[in-house]
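Colleague:
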Amino acid sequence: MSADLAAAALAAREHAYAPFSGFRVGAALEDSSGRVYTGCNIENATYGLTLCAERVAVFKAVSEGAREFRRIAIAADSETLTPPCGACRQILWEFCGDIEVLLANPRGKRETLRLKDLFPRAFDASYF
Ligand code: THU
2 MSADLAAAAL AAREHAYAPF SGFRVGAALE DSSGRVYTGC NIENATYGLT LCAERVAVFK
62 AVSEGAREFR RIAIAADSET LTPPCGACRQ ILWEFCGDIE VLLANPRGKR ETLRLKDLFP
122 RAFDASYF
């Protein structure tokens, strides 16, 4: 199961548009029914408009009506596995809460974390 989700993130990474950084990232987000939404990073010549793989996957899922999620796998080619950036942690918290985060690289290295451990004391709508 988790091997499949990591494989989906690795496959999505192949579609990355990253001519500026050369750093390709893939993500695969599983909803509560088992459906998987993938994403890759999509860069832009203005740099600041770059979208991370995780947010592409979340926005694809939400825009197709998914609202409950189980896990996300994130794949990049780094020896120390690549975690989601701060902006993606905030977006993941908004839509997925304390989901399981599976990190992967192409050489079979894997690590499983909880979003809450990556993003403690998160701000959300419960404060207002
Ligand atoms: N990137 C992601 O797609 N996800 C992350 O969690 C970290 C960073 C992308 C953004 C940019 O295209 C490249 O990696 C270098 O920062």
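Residue numbers (our numbering): 2 to 129.
For each residue, glycine too, the CB sits at the ideal point set by N, CA and C.
Quick caveat: nothing in here was measured; it's all calculated off a predicted structure.
Between A126 and the rest of its own chain, which residues show a CB-CB distance below 7 Å, the 5 nearest in sequence each way excluded?
Modeller: none
Colleague: Look at A76 and A10 and say whether their C-beta atoms are less than 7 Å apart.
Modeller: yes
Colleague: Is Y128 helix, strand or coil when you go by DSSP?
Modeller: If DSSP states are grouped into helix, strand and coil, Y128 belongs with the helices.
Colleague: Here's a check: name, in chain order, each residue in its chain whose Cβ is nearer than 8 Å to the Cβ of R72, leaving out the five neighbours to either side.
Modeller: S3, L6, L30, E31, I100, E101, V102 and L103
Colleague: Taking the beta strand (DSSP E) that C89 falls in, what are its first and last residues?
Modeller: Note, C89: premise wrong, no beta strand (DSSP E); alpha helix (DSSP H) at G87 to C97.
Colleague: Pick helix, strand or coil for A7, following the three-state DSSP scheme.
Modeller: helix
Colleague: Express the C-alpha separation of R108 and E65 in angstroms, rounding to a whole number.
Modeller: 32 Å
Colleague: Just tell me which of A8, F24, H16 and P20 has its CA closest to the CA of E80.
Modeller: With distances taken between Cα atoms, E80 lies closest to F24.
Colleague: Determine the direct distance from the alpha carbon of R36 to that of V59, and round the result to whole angstroms.
Modeller: 12 Å
Colleague: Residue range of the alpha helix (DSSP H) that A28 falls in?
Modeller: Unbroken run through A28 is the beta strand (DSSP E), V26 to D32; no alpha helix (DSSP H).
Colleague: For F70, list the residues DSSP reports as bridge partners.
Modeller: D32
Colleague: Considering L114, what are the terminal residues of the beta strand (DSSP E) in which it resides?
Modeller: R111 to R115
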